[in-house]
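Worksheet: one structure, shown below.
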Amino acid sequence: MAVWMTWDFEGVGRAAQAVESVDEAAGWLIGSAKRSRRAFAAEWQWLRLMDSVLRVRGAMLDEGRRAVESGTPWTSETEGVRVRLSPRGHQD
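Residues 1 to 92, numbered by the numbering used here, are exactly what the sequence shown covers, in order.
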């Protein structure tokens, strides 16, 4: 199912991407977090972000997938990481 994804890493930036599945969205989230590493002065700060990203990713692949498959937008926010998934065509 085609999905519209937006994500925001507090203090780093935000982005949006059209993807073909929740699995692809999860891949974009992890890739973006890895690329954000250079924005942090200390390794522990990036590791803290990555921990939050991994928790949101887990929820995306479970609750997020179920919501999108039922045609409902889904949002999750954990310690500075916010992700919203919407079935394509439902970008309110």
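Built from N, CA and C at the ideal position, the CB exists for glycine as well.
Taken atom to atom, the span from the alpha-carbon of MET50 to that of ALA59 is near 14 Å. Within the DSSP secondary-structure output, VAL81 pairs in a beta bridge with PHE9, THR78. In its chain, beyond the 5 residues on either side, no residue has a beta carbon closer than 6 Å to the beta carbon of SER21. Sorting THR75, PHE9, MET1 by C-alpha distance to the C-alpha of GLY31 places PHE9 at the top. Secondary structure at SER86: strand, using DSSP grouped into helix, strand and coil.
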